[in-house]
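In the working numbering, the protein residues as written are 386 to 488.
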């Protein structure tokens with residue numbers, strides 16, 4: 386199996402965040418695991434759209450589905466992702482406010 390370089394992994398993460406719906410799903414999952422129907426309602430998109438975005442997040446290695454009988458609950462693939470997402474959001478918000486200065 387070919388090993389994926391760090392730049393490619395980071396680019397895949399960036400791709401996952403490049404869509405507002407996927408970013409919203411990730412931020413929701415950072416707070417707590419959830420079900421596709423509830424995510425669709427929270428984000429105001431169709432269940433089909435949520436399904437497609439969840440598939441992308443699974444393929445990117447950022448989310449996993451946990452079977453609960455006939456339902457699937459989604460959660461972040463690793464607990465450290467919640468912290469990383471919140472840290473990244475904080476830095477981006479600072480940069481948007483003009484508080485982040487280049488050295």
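Where a beta carbon is used, it is the ideal one built from N, C-alpha and C, also for glycine.
- Message: Please return the same chain residues whose Cβ sits closer than 6 angstroms to the Cβ of residue 389, not counting the five positions on each side in sequence.
- Response: none
- Message: Do residue 461 and residue 467 have their beta-carbon atoms positioned less than 7 angstroms apart in this structure?
- Response: yes
- What separation, rounded to the nearest whole angstrom, lies between the Cα atoms of residue 420 and residue 397? Spanning the two alpha carbons is a distance of roughly 23 angstroms.
- Message: Excluding the 5 residues flanking residue 414 on each side, which residues of the same chain have their C-beta closer than 7 angstroms to its C-beta?
- Response: 448, 459, 460, 461
- Return the CA-CA distance between residue 392 and residue 433, expressed in angstroms with no decimal places. Those two C-alpha atoms are separated by around 31 angstroms.
- Query: In or out: residue 425 buried (at least 16 other Cβ within 10 Å) or exposed?
  - Reply: buried
- If you draw a straight line from the alpha carbon of residue 386 to that of residue 435, how long is it in whole angstroms? Note that residue 386 scores a pLDDT of 48, beneath 50, so its modelled location is shaky and nothing firm can be said.
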